[in-house]
Amino acid sequence: MKNILYLLIMALLLSFTACQEIDNWEEPSARIYGNVIDKYTGSNLLMDQNDWQIRIIDRTWEEKNPGAVSQFQSLAVMKDGVYNNTKLFSGTYDMLPYDGPFWPVDTVKGVILDKETQQDFTVTPYLQLTNFKATLNGTNLTLECNVKAPIITGLPNLYEVKGFLSLTTFCGNSNYININEYNNLRKNINKTWAAEVGTADNKNYSLGPFPVKSGYTYYVRIGANVNALSRRYNYTEIVKVVVP
Amino acid sequence: MKPKGILGEPELFGTAYGVQKYFVQSYMKLPIEDFIYYAINSPSNNFGYKGYMPGNNNYWQAYKNSLASMSGEIYGWNVDIKEEGVGYWPYDDIRIVNVFINNFSNYKSKYDDATYNSLMGEARFLRAFFYQGMAKRYGGVPIVTEVQDPVTTPAEELQVPRATEYDTWKFIYEDLKFAMENMKPTSVTGRANKYVAAALMSRSMLYAGRVAKYTQHLGFSADAAVQGGFAGMDPSKANEFFQYAYDAGLLIKTGPYALYTKNYPDKATNFANLFLDKSSPETMFSKGYDGLTFGHCYDALMSPNPDFSSFVGAEGGPVLQHMQLYDFPALTDEQGKPVRFAKRSDIKNEMEPRLLGTCYFDGDELRGKTFDIQKGIYVKYTGTAADAQNGSNAAPINATANRKLGNKGDKYNGVLITGNHGLHANKGGENNAFMGAFIRKYVDVNRPAALANVNKSTTSWIAFRLGEIYLNTAEAAYELGKRTEAFDYVEAIRERAGCKVTRPAIDQATSSTYGYPVEASLQFIRDERGRELYGENHYWWDLKTWRTTDQVLNNRYLRALACYYVFDEGKYIYLDEINRDNRTKTAAKRSAYEKIPQGEINKNPKLLPQNPLY
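Chains as they are written, first to last, in our numbering: chain E, 1 to 244; chain H, 1001 to 1614.
Spelled out as structure tokens, the structure:
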């Protein structure tokens, strides 16, 4: 009886391995990398980890398979405005930074991926946040910055100005202390630039005080967005605040 | 050997009874968001039903996961907003109707013309219903009118491309126009007639008009789906659709329906009974439950256990923002201090009867018991309502020495701290008014608590009632510039509701509270829908088609009405508090459309482009 059982188990195990075939498809090895550059500052766009993505569409696939429709893949952009992907198939791609906190850009067509390819994008942010100051008064933290709209014509409603606090160096809409006590301190505006600011192209905002805890190190910044697509934020740089 | 007893086309299509039997499967699956509609998921053991589920498949949690809960009309179970939807894709149901539409002409000789046309019209009504269920979610969808054979048809033809949103709504219009012109004027309960077709026309075309007019404000215009016309329409098309909705409303006015007034002069009870009286002249089309084969759990889930329910008890309560849309008493005086009430139930004195018919407050009776709702005790309360900081524990006045919170039966100096039905400090328990009131709409008063149990409820869900049609017509008329006429309808609704002001003056001043300019009186009509149709699962679709989901549900705190006894005065106050879990509602901008199911795109790439932001 036992032998029969062993035989059955053996047969069962064999049946799992019987269909094995070697996958002879070469692994994707092309690399695409680059920077997302802020047109105004000339350096990389200030953002948070994976706030928004670059869409990339494989056109070679369509050429090789008539009738096929390629769907986009999304490449994550890191918090320093750099993206890097090393596992793509060689070929011709279209690329589009999509749904970020900047004026819509045109698709870059015909990017050829073969081994190593660098493709930088220059974008025009909706808003510029400058003169960022984080002032600590005991355990009360006040954040301040200047919000500027370089292009006012056609700008969607100014939506909100929000302070982001984080306990790690990652700080922004994807990584922050998401509690109502802090969230309530945002400025919810949702007005046209003219109604909120008037004829000037910039305005100072002060947020807070945020109650912080003694003995902790915070990483803080301000984000502001306009009512476009998914309302991604333009940010200030991140400042480290040590609460004694 | 062929089994006997299988009904084929000649048996089903050859007689009116056969057709009725054939249509039952379609009626059962119509996209009606009723007591058993799951707004956020589609359990897998459910024969592939997406959101809409028939029968007693132990889906007692459906109302926990209702649209009302998701869109923040009621507060209870934590239901996150699912913008991408439940993947509703009813082409199997559409095929069943298409088989009838294509083959019924072979049996024309068996009917007189009127019956034949009426049945054909009914099939077109059913098809339109399924299509509007998709159009309000996805915008443009493939229009399939032929019955395709999956074996002999080449794949190319099976993959029907997406139609534009305009063509999709026009297709629905054509089907319903045919139905309105050909169906009989009367029908048995649960089955459609020409006025029901007109009601669907009224609602669908109003949605289409809103989509055409307001999609431009979303800022999606560069998106491929918008560019191709698959999501959104040209604003110049808006009036065409508003006109269709308006005309359908006029046709319904000539029908046999009337606003429910049987229980006058008690307008509160009258409004509550409108939803319970199965012979109500206001009901145009309803979905019935017998409590045996098909029952629902609404009664078991809306009122607290064990006094009113013998199942889990109240899973949701009315949110204060929505209650305050009605005529509602002031909670504070001119100095901002909380108004003192001699009795807790005195808060009802100034309330709109319609609100009293929609919600249960302290002192109301149900199933032989009395609602007893109080949150706690203030030893003394000297300051303004703002001092309580919306119930925050951090407020000095709310220090434990001054504010007493407790659980059922706890006392302070011999006085009960909380009511029998909440609000209790320990949060748990389904005998607890999370929001300071309970839902009355659709709650069956004649059902004893012992039978308020799982799958036992027999209340019909009213899919279309004249009240909604009046408001549809009012909004369409207003959008067409017929402002005075629009308020004739609003007045009729508010008269029945017992409002203090039945006909407010027309105010054309615009405000952009919700992202784009809206005239104050149009906003009033929109809010009137919020009042009249509260909890009837309209709110989400309204916000969606007004394109204001992300504006209204923007970090929105759901607020509670909290009653306290002020110990040193012997009086009661009501405070406006943030819900007990500090929960907020936020809808992403993409919620204007649901996501075309990826599984369908894999089968048919011609469904691309995907809707904006997915």
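Where is the CB? At the ideal position from N, CA and C, for every residue including glycine.
Note that this is a predicted model, so its numbers are computed, not measured.
Just grab the DSSP bridge partners of residue i for me.
i, result
"Ile-112 of chain E", "E:Thr-92"
"Pro-125 of chain E", "E:Phe-102"
"Ser-1511 of chain H", "H:Val-1518"
"Arg-1547 of chain H", "Its beta-bridge partners do not exist; DSSP assigns none."
"His-1296 of chain H", "H:Ser-1457"
"Pro-1318 of chain H", "H:Ile-1074"
"Pro-1338 of chain H", "H:Thr-1332"
"Tyr-1557 of chain H", "H:Thr-1584"
"Ser-206 of chain E", "E:Glu-144"
"Glu-1577 of chain H", "H:Ala-1560"
"Asp-38 of chain E", "E:Val-123"
"Asn-234 of chain E", "E:Ala-224"
"Cys-1359 of chain H", "H:Ile-1439"
"Gln-118 of chain E", "E:Tyr-33"
Is residue i close to chain E? Criterion is C-beta to C-beta, closer than 8 Å.
i, result
"Asn-1582 of chain H", "yes"
"Ala-1588 of chain H", "yes"
"Asn-1045 of chain H", "With a pLDDT of only 46 at Asn-1045 of chain H, under the threshold of 50, the placement of this residue in the model should not be trusted, and no figure is reported."
"Ala-1222 of chain H", "yes"
"Leu-1608 of chain H", "yes"
"Leu-1543 of chain H", "no"
"Asn-1056 of chain H", "Caution is warranted here: a pLDDT of 48 is assigned to Asn-1056 of chain H, below 50, making its placement in the model unreliable, and the coordinate value is therefore given only provisionally. So no, Asn-1056 of chain H is outside the interface."
"Leu-1030 of chain H", "no"
"Pro-1356 of chain H", "Looking at the sequence provided, one finds Leu at residue 1356 of chain H rather than Pro. Chain E, which has no Cβ nearer than 8 Å to the Cβ of Leu-1356 of chain H, makes this no."
"Pro-1597 of chain H", "no"
List, in order along the chain, the chain E residues whose C-beta lies closer than 9 Å to that of residue i?
i, result
"Gly-980 of chain H", "Residue 980 of chain H is absent from the structure shown; chain H starts at 1001 and stops at 1614."
"Gly-1515 of chain H", "Asn-157, Asn-190, Asn-227"
Check the Cβ of residue i against every Cβ in chain H and list those closer than 7 Å, keeping chain order.
i, result
"Ala-228 of chain E", "Gly-1219"
Hey, out of the options, whose CA is closest to residue i's CA?
i, options, result
"Ala-1450 of chain H", "H:Pro-1031, H:Ser-1204, H:Phe-1308, H:Cys-1499", "H:Phe-1308"
"Thr-169 of chain E", "E:Met-47, E:Ile-179, E:Asp-38", "E:Met-47"
"Val-1154 of chain H", "H:Trp-1089, H:Gly-1368, H:Asn-1604", "For the record, residue 1154 of chain H in the displayed sequence is Pro; it is not Val. Of the candidates H:Trp-1089, H:Gly-1368, H:Asn-1604, the one whose C-alpha sits nearest the C-alpha of Pro-1154 of chain H is H:Asn-1604."
"Asp-1112 of chain H", "H:Thr-1015, H:Leu-1533, H:Thr-1293, H:Ser-1521", "H:Thr-1015"
"Leu-165 of chain E", "E:Gly-223, E:Ile-189, E:Asn-137", "E:Gly-223"
"Val-239 of chain E", "E:Asn-131, E:Pro-104, E:Val-36, E:Gln-53", "E:Asn-131"
"Asn-1420 of chain H", "H:Asp-1372, H:Asn-1446, H:Ala-1505, H:Gly-1414", "H:Asp-1372"
"Ala-1476 of chain H", "H:Thr-1189, H:Ser-1204, H:Phe-1567", "H:Ser-1204"
"Val-1501 of chain H", "H:Val-1566, H:Asp-1327, H:Leu-1558", "H:Asp-1327"
"Arg-1465 of chain H", "H:Asn-1239, H:Pro-1256, H:Leu-1218", "H:Pro-1256"
"Arg-1210 of chain H", "H:Thr-1164, H:Gly-1498, H:Ser-1187, H:Asn-1239", "H:Asn-1239"
"Gly-1535 of chain H", "H:Tyr-1037, H:Leu-1012, H:Ser-1118", "H:Tyr-1037"
"Asp-1542 of chain H", "H:Arg-1137, H:Val-1024, H:Lys-1064, H:Asp-1034", "H:Arg-1137"
"Ser-1404 of chain H", "H:Thr-1418, H:Leu-1067, H:Ala-1394", "In the sequence under discussion, the amino acid at residue 1404 of chain H is Lys, which differs from the Ser named in the question. Looking at the Cα atoms, H:Thr-1418 is the closest of the given residues."
Would you please verify whether the beta carbon of residue i is less than 8 Å from any beta carbon of chain H?
i, result
"Pro-156 of chain E", "yes"
"Asn-183 of chain E", "yes"
"Arg-231 of chain E", "yes"
"Pro-104 of chain E", "yes"
"Val-161 of chain E", "no"
"Asn-180 of chain E", "yes"
"Asp-99 of chain E", "yes"
Show which residues of chain E have a CB atom less than 7 Å away from the CB atom of residue i.
i, result
"Asn-1555 of chain H", "Asn-183"
"Pro-1605 of chain H", "Val-69"
"Leu-1533 of chain H", "In chain order: nothing, as chain E lies at least about 26 Å away."
Taking C-beta pairs closer than 8 Å, name the residues in chain E that residue i reaches, listed in chain order.
i, result
"Leu-1575 of chain H", "Near Leu-1575 of chain H there are no residues of chain E at all, since even the closest Cβ is about 18 Å away, more than 8 Å."
"Leu-1613 of chain H", "Asp-99, Leu-229, Ser-230"
Give a yes or no on whether the minimum CB-CB distance between residue i and chain C is below 8 Å.
i, result
"Val-1490 of chain H", "This model lacks chain C altogether, as its protein chains are E and H."
> Are the region 189-196 of chain E and the region 1002-1022 of chain H in contact at 8 Å, needing three or more beta carbon pairs?
Replying inline: no
> Is the region 1087-1097 of chain H touching the region 1027-1034 of chain H in the sense that three or more CB pairs, one from each, lie closer than 8 Å?
Replying inline: Counting Cβ pairs under 8 Å, three or more are found: they touch.
> Is there contact here, the region 1310-1319 of chain H with the region 1435-1447 of chain H, by at least three beta-carbon pairs under 8 Å?
Replying inline: Touching, per the Cβ criterion.
>> Quick check: the region 144-151 of chain E against the region 1544-1552 of chain H, are at least 3 beta-carbon pairs closer than 8 Å?
In response: no
>> Using a Cβ distance threshold of 8 Å, determine whether the region 1502-1512 of chain H contacts the region 1527-1540 of chain H, with at least three qualifying pairs required.
In response: no
>> If contact is defined by three or more beta carbon pairs under 8 Å, each pair taking one atom from either stretch, is the region 1352-1364 of chain H in contact with the region 1594-1612 of chain H?
In response: No, because fewer than three Cβ pairs between the region 1594-1612 of chain H and the region 1352-1364 of chain H fall closer than 8 Å, the two stretches do not touch.
> Does the region 1478-1495 of chain H come close enough to the region 1548-1564 of chain H to have 3 or more Cβ pairs within less than 8 Å?
Replying inline: no
>> For the structure I just gave you, are there three or more beta carbon pairs, one from the region 1179-1197 of chain H and one from the region 1122-1138 of chain H, closer than 8 Å?
In response: yes
> Should the region 63-77 of chain E be regarded as contacting the region 114-133 of chain E, the criterion being three or more beta carbon pairs within less than 8 Å?
Replying inline: no
> Per the contact definition of three or more C-beta pairs closer than 8 Å, is the region 1162-1177 of chain H in contact with the region 1201-1216 of chain H?
Replying inline: yes
> Is the region 131-140 of chain E touching the region 78-92 of chain E, taking contact as three or more C-beta pairs under 8 Å?
Replying inline: no
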